[in-house]
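Remarks on the structure that follows.
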Amino acid sequence: MDAPTAFRQQLLGVIPSLRRYARSLVFDRHAADDLVQTALERALAHWHQFDQRRDILVWTISIAHNAYIDDRRRHARAALVEPSEGFDPDASQPAASSDVGLQLDLVKALSRLSLEQREALLLVTLEQLSYAECAEALRIPIGTVMSRVSRARIALRALLDGKGAMPPQGTLRRVV
Amino acid sequence: MNTAPNDALLSAWIDGELPPEQRAEVEAWLREHPEDAVRVRAWSADARSLRSALDPVLDEAVPTALTQIVWRKAPAVLPNVAWTRWAAALALFALGGAVGAGLMWRMQAPSTTSMADASAAKASGWVQRAAVAHSVYVPEVRHPVEVKAQEEHLSRWLTRRLDVPVKLFDLREQGFELVGGRLLPDASGPSAQLMYQAITPPGAASAAAKAERVTVYLRKPEDATPAAFRYEQQGELGLFYWVEGKGPKSGPTGYALVGALPREKLLALAEAIYRQDPSRP
Chain L
1311 MDAPTAFRQQ LLGVIPSLRR YARSLVFDRH AADDLVQTAL ERALAHWHQF DQRRDILVWT
1371 ISIAHNAYID DRRRHARAAL VEPSEGFDPD ASQPAASSDV GLQLDLVKAL SRLSLEQREA
1431 LLLVTLEQLS YAECAEALRI PIGTVMSRVS RARIALRALL DGKGAMPPQG TLRRVV
Chain W
95 MNTAPNDALL SAWIDGELPP EQRAEVEAWL REHPEDAVRV RAWSADARSL RSALDPVLDE
155 AVPTALTQIV WRKAPAVLPN VAWTRWAAAL ALFALGGAVG AGLMWRMQAP STTSMADASA
215 AKASGWVQRA AVAHSVYVPE VRHPVEVKAQ EEHLSRWLTR RLDVPVKLFD LREQGFELVG
275 GRLLPDASGP SAQLMYQAIT PPGAASAAAK AERVTVYLRK PEDATPAAFR YEQQGELGLF
335 YWVEGKGPKS GPTGYALVGA LPREKLLALA EAIYRQDPSR P
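Shown next as structure tokens:
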């Protein structure tokens, strides 16, 4: 059976938010839209698994998250040089200079957070998901959301203050 | 609070995630500990900066490749056959609708323009974009519009940016009130979307989130020829669209009214808009 029109219209409605979320993961516009495309295709293929009582944005973000993790795993070797493939936080510039003029800008700082922290922070501040929704999208406990968000805030502020504390890269887990 | 709240608690306070009692405790702590208050304010400021850095993505035109994926039939064994059949059914449906609406309109409000020629019988690109813009923003709960109806500069702002007069149509007699509007990028220039919502009786607050919404999409038409009133159906969505000719003070304006409403109801709204058109004498 094919996805009903109403479901397709719901999907259309979340594309802008999905694109913003994807952009905050991979930064590069085209790579981000590729990720959105994959997520939309998977959502359409599994539309019957969507419970209409749930928020479609949370559901599709969860799909995009998994797609991203799959993609990273596929490129596991290349990912050794992550965290920001597809986005160059300006290699020519000393990353954490104390010189104010060379301070990392916001997006660069963001790209230096671990994926886990970055995702939690963005889902809560940008998509304005509740901790419960964020936990649902990432399939992690609410307490973990809470600690990741706060650690992300501290790390981001440290980077913006030019302290350059590079948080350790967390391990990556695909949620099922 | 005697012991310092940990950072996770402070952070959860920003996000409004604490139960009332704990919230009050954190607030009391912050009043007495300015150094923590400064940190918390910096985190909030960072959140705002993040939003302003990434929110513009929301206003980018959605690549057609992505919308096409959404409308594509599942890649079945014979995808081409499935697609063709679906498209043919849709075309038939749309044609029937357009003819019917054309007749209805001519009966109720004889237009000075002749029945549009064959080329106009097909919805142009901007009408399609009106449908997409409708689908994108109507389900939005938190940010359905960019500028709310109450802000008096809405009309002036859109008029200036579009270079066509944008009037905030009053559809209350038809049971719809203005939510607000937004500026949208279109293929060859800006367009505007006005969103209206069915007026719900007071007390029916829970229904508000699911209230019926219609959108009016306005722009300088790609083709300046005044075109007859047309109707088209796309899935659940009905579209009335027309192009108003040059008014005394303005160039032609393209209108598309989009909504998941029965055709008669949508027609009543379209007529009200047509009557209130600022370019009409």
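Chains as they are written, first to last, in my numbering: chain L, 1311 to 1486; chain W, 95 to 375. All C-beta atoms, glycine included, are put in the ideal place defined by N, C-alpha and C.
Secondary structure of residue 280 of chain W, DSSP reduced to three states = strand
Simplified DSSP state of residue 345 of chain W, which is helix, strand or coil | coil
Taking residue 313 of chain W and residue 348 of chain W to be in contact with their CB atoms under 8 Å, please state how far apart those CB atoms are, rounded to whole angstroms.
-> 5 Å
Using 8 Å as the Cβ pair cut-off and three pairs as the minimum, do the region 1314-1333 of chain L and the region 1350-1367 of chain L touch?
-> yes
Is the CB of residue 1326 of chain L under 8 Å away from at least one CB in chain W?
-> yes
What whole-angstrom Cβ distance do residue 291 of chain W and residue 276 of chain W have, given they're in contact under 8 Å?
-> Not really, about 14 Å apart at Cβ, beyond 8 Å.
Does residue 144 of chain W have its Cβ less than 8 Å from a Cβ in chain L?
-> yes
Taking residue 371 of chain W as the reference, which of W:259, W:311 and W:352 has the closest Cα?
-> W:259
Looking only at its own chain, which residues have a Cβ that is under 6 Å from the Cβ of residue 1463 of chain L, when we skip the five neighbours before and after it?
-> none
Inspect the CB distances between the region 109-122 of chain W and the region 1428-1446 of chain L and report whether three or more fall short of 8 Å.
-> yes
Per-residue contacts from residue 1334 of chain L into chain W (C-beta, under 7 Å) = 148
DSSP puts residue 335 of chain W in a beta bridge; with which residues?
-> W:324 and W:350
Pull up the distance between the alpha-carbon of residue 1430 of chain L and that of residue 364 of chain W, whole angstroms please.
-> 44 Å
Which of the three DSSP states, helix, strand or coil, is assigned to residue 203 of chain W?
-> For residue 203 of chain W, the pLDDT reaches just 40, beneath the cut-off of 50, and the residue's location in the model is therefore unreliable, although a value from the coordinates is still provided. Residue 203 of chain W falls in the coil class under three-state DSSP.
Option in W:223, W:97 and W:116 with minimal Cα separation from residue 281 of chain W | W:223
Please check if any C-beta of chain W sits within less than 8 Å of the C-beta of residue 1378 of chain L.
-> no
What are the start and end residues of the alpha helix (DSSP H) that includes residue 1345 of chain L?
-> 1339-1355
Within chain W, the residues that residue 1316 of chain L reaches when beta carbons sit closer than 7 Å | 330
Closer than 8 Å, Cβ to Cβ, to anything on chain W: give me those residues from the region 1423-1455 of chain L, in chain order.
-> 1431, 1432, 1434, 1435, 1436, 1438, 1440 and 1441
Going straight from the alpha carbon of residue 122 of chain W to that of residue 1466 of chain L, what length do you get?
-> 26 Å
Would you kindly report the start and end of the unbroken alpha helix (DSSP H) that includes residue 312 of chain W?
-> Where residue 312 of chain W is concerned, there is no enclosing alpha helix (DSSP H), although the beta strand (DSSP E) it sits in stretches over 307-313.
Opposite residue 291 of chain W in the DSSP bridges: which residues?
-> W:271 and W:307
Nearest to residue 144 of chain W by alpha carbon, out of L:1450, L:1331 and L:1376?
-> L:1331
Could you tell me whether any Cβ in chain L is nearer than 8 Å to the Cβ of residue 322 of chain W?
-> no
Is residue 286 of chain W helix, strand or coil by DSSP?
-> strand
heavy atom of the ligand FAD below 7 Å from residue 102 of chain W C-beta | The model depicted lacks the ligand FAD and carries no ligand whatsoever.
Report the rounded CA-to-CA distance for residue 1335 of chain L versus residue 1424 of chain L, giving the unit in angstroms.
-> 10 Å
First through last residue of the alpha helix (DSSP H) which encompasses residue 1329 of chain L = 1315-1336
Show which residues of chain W have a CB atom less than 8 Å away from the CB atom of residue 1338 of chain L.
-> None at all; the shortest Cβ gap to chain W is about 12 Å.
Under 9 Å between beta-carbons, which chain L residues line up against residue 124 of chain W? List them in chain order, please.
-> Near residue 124 of chain W there are no residues of chain L at all, since even the closest Cβ is about 15 Å away, more than 9 Å.
Is residue 370 of chain W helix, strand or coil when you go by DSSP?
-> helix
Determine the DSSP secondary structure at residue 302 of chain W, reduced to helix, strand or coil.
-> Note on residue 302 of chain W: pLDDT 45, under 50, position unreliable in the model; the coordinate value appears next. Of the three classes helix, strand and coil, the one that applies to residue 302 of chain W here is helix, per DSSP.
Assign residue 156 of chain W to one of three DSSP states: helix, strand, or coil.
-> coil
If you measure from the beta carbon of residue 1363 of chain L to each beta carbon in chain W, is any gap under 8 Å?
-> no
Since residue 241 of chain W sits in a beta bridge, which residues does DSSP pair it with?
-> W:275
Whether residue 366 of chain W touches residue 245 of chain W by CB criterion (8 Å) | no
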